[in-house]
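Using our numbering, the letters of the sequence shown correspond one by one to residues 45 to 166.
Glycine residues also receive a C-beta, built at the ideal position from the N, C-alpha and C atoms.
On a predicted model such as this, the values are computed, not experimentally measured, just so you know.
Heads up: the structure comes next, in structure tokens.
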Amino acid sequence: MRRAERSVRSARNLLDDGDHDFAVSRAYYAMFYAATAALLQRGIKRARHSGVIAAFAEHLVKSGTFTREHQLALQAAFRDRSKGDYTGDFPPRELVEQRIEEARQFVAAVAHFLRTEGVPID
């Protein structure tokens with residue numbers, strides 16, 4: 045979870061520096077690290093990004109542990125990260141701000157989940 049929290053902070057710093065594509069990538073990775081932690085708490089390990097996203101939906105959203113909005117935010121961040129990393133698209137500031145806020149909320153929700161599961165979070 046530390047990596048997830050650091051990634052949210054890094055995303056904000058990158059946005060402030062005008063690095064929109066890198067900022068949206070860090071926002072996605074914040075969610076990815078948090079989703080991975082939540083899945084590991086359930087004993088589920090996936091190696092690929094697509095596997096983490098699918099398993100998060102299947103095991104944590106369908107069960108009601110997380111909301112459909114969490115799933116949609118993770119999917120949107122993955123899509124925007126892929127665009128920025130592989131097509132050279134430069135996302136607008138407003139979109140990046142939205143993704144960073146979604147990442148902050150996502151990471152907070154996972155931290156809450158882990159605490160309720162008895163996992164100590166700094």
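{"Check": "Which residues mark the beginning and the end of the alpha helix (DSSP H) in which Lys-127 is found?", "Outcome": "112-130"}
{"Check": "In or out: Asp-124 buried (at least 16 other Cβ within 10 Å) or exposed?", "Outcome": "buried"}
{"Check": "Determine whether the beta carbon atoms of Leu-59 and Glu-141 lie at a separation below 8 Å.", "Outcome": "yes"}
{"Check": "Assuming Arg-143 contacts Ala-71 (C-beta within less than 8 Å), just tell me the rounded distance between them.", "Outcome": "4 Å"}
{"Check": "Return the first residue and the last residue of the alpha helix (DSSP H) that Glu-145 is part of.", "Outcome": "137-160"}
{"Check": "Give the range of the alpha helix (DSSP H) segment to which Thr-109 is assigned.", "Outcome": "First-last for Thr-109: undefined, no H or E at that position."}
{"Check": "Between Ala-121, Ala-120, Gln-85, which lies nearest to Leu-104 when the distance is taken from Cα to Cα?", "Outcome": "Gln-85"}
{"Check": "Inspect the beta-carbon positions of Met-45 and Leu-158 and report whether they are closer than 8 Å.", "Outcome": "yes"}
{"Check": "If you draw a straight line from the alpha carbon of Val-163 to that of Thr-131, how long is it in whole angstroms?", "Outcome": "39 Å"}
{"Check": "Indicate whether Glu-115 and Phe-100 have their beta-carbon atoms separated by less than 8 Å.", "Outcome": "In the sequence as displayed, the identity of residue 115 is Gln instead of Glu. Yes, they are a contact pair."}
{"Check": "Please work out which residues of its chain come closer than 8 Å, Cβ to Cβ, to Ala-120, disregarding the five sequence neighbours upstream and downstream, and give them in chain order.", "Outcome": "Arg-143, Glu-146"}
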